[in-house]
Ligand code: PXL
């Protein structure tokens, strides 16, 4: 056995639904060997589910990264929550000299279940240090608006305009996941600088969506590690997360994750 290997550089969501835990579960489901660089720990206050976010020292992040690059090697790398400007810039510099063929940037800005945006200066650091080296960037509509410098994304035309603006920041592909803004459908828009590939699916009506975004970009990363095209990887990620959302469940009164096993079980 010599499985393909994927690395996630992301935060720990101890609840298991999002962050590197979602990434590792997704890598496993897609038959890719998963590795992690932890950037931040996130814990939740049990009575309120307020998030306690504790960044790790940059040195600790660099030590973990060196374990994998050059220590092991990775066929694809994704980033998730990078909590500070210093960490975003440091991770960008590590990735820029990694020679990894597939770099997926999930520009995490807020956690579902909280409305506290991470700092706006982080958006500028992502634009500067991460987007220019990305093969694929996977924003939701909130993140896409922030990156594109738009007030809001309300409809399909706004999504296409945001994709064009974000593409100018350097990634080879922009893959926008739009669900929240439509009442009855979900739309994934892939843009390579020339052509739009637009996929519409019926909206899955559930409030238990924790980890959907992380798992989506992790699935794209796993498929790229195995040699899929970006178009194929995006289509698999949509199907993977849709199945997970159909079987999502509440783990307490505040939130609930997607069920990572749903796609493999054919649910
Ligand atoms: O869903 C965004 C997200 C990403 N990464 C970590 C998180 C969350 C939301 O809770 O905790 C570590």
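Numbering (this note's numbering), first residue to last: 1040 to 1306.
Every residue gets a Cβ at the ideal spot worked out from N, C-alpha and C, and that includes glycine.
Treat the numbers as computed from the prediction; the structure is a model and nothing was measured.
What three-state label does DSSP hand residue i in the structure shown?
i: residue 1194; result: coil
i: residue 1070; result: coil
i: residue 1206; result: helix
i: residue 1057; result: coil
i: residue 1265; result: coil
i: residue 1211; result: coil
i: residue 1255; result: helix
i: residue 1279; result: helix
i: residue 1302; result: coil
Taking the DSSP output, what are the residues bridged to residue i?
i: residue 1240; result: 1225
i: residue 1292; result: BP columns for residue 1292 are empty, so no partner.
i: residue 1052; result: 1081
i: residue 1044; result: 1072
i: residue 1217; result: 1226
i: residue 1175; result: 1143, 1212
i: residue 1249; result: 1296
Which residues in the same chain have their Cβ closer than 7 Å to the Cβ of residue i, if we skip the five residues on either side of it in sequence?
i: residue 1206; result: 1213, 1230, 1232
i: residue 1152; result: Confidence at residue 1152 is low in this model, with a pLDDT of 47, below 50, so its placement is unreliable and the value that follows should be read with caution. Cβ within range, chain order: 1088, 1249, 1293, 1294.
i: residue 1118; result: 1048, 1049, 1130, 1144, 1145, 1169
i: residue 1120; result: 1049, 1050, 1058, 1078, 1079, 1147
i: residue 1097; result: 1125, 1126, 1129
i: residue 1302; result: 1068, 1278, 1279, 1282, 1283
i: residue 1185; result: 1148, 1162
Excluding sequence positions up to five away, which residues of its chain have a Cβ less than 6 Å from the Cβ of residue i?
i: residue 1264; result: 1043, 1045, 1071, 1114, 1115
i: residue 1173; result: 1142, 1144, 1210
i: residue 1030; result: Outside the shown range of the chain (1040 to 1306) lies residue 1030, about which nothing can therefore be said.
i: residue 1093; result: 1080
What does a CB cutoff of less than 8 Å around residue i pick up in its chain, not counting 5 residues either side in sequence?
i: residue 1204; result: 1186, 1187, 1188, 1189
- [ ] Starting from the N-terminal side, write out each stretch of the alpha helix (DSSP H) that is 4 residues or longer and does not extend beyond the region 1092 to 1173.
- [x] Within the region 1092 to 1173, complete alpha helix (DSSP H) segments of at least 4 residues are found at 1097 to 1107, 1124 to 1135, 1159 to 1168, given in chain order.
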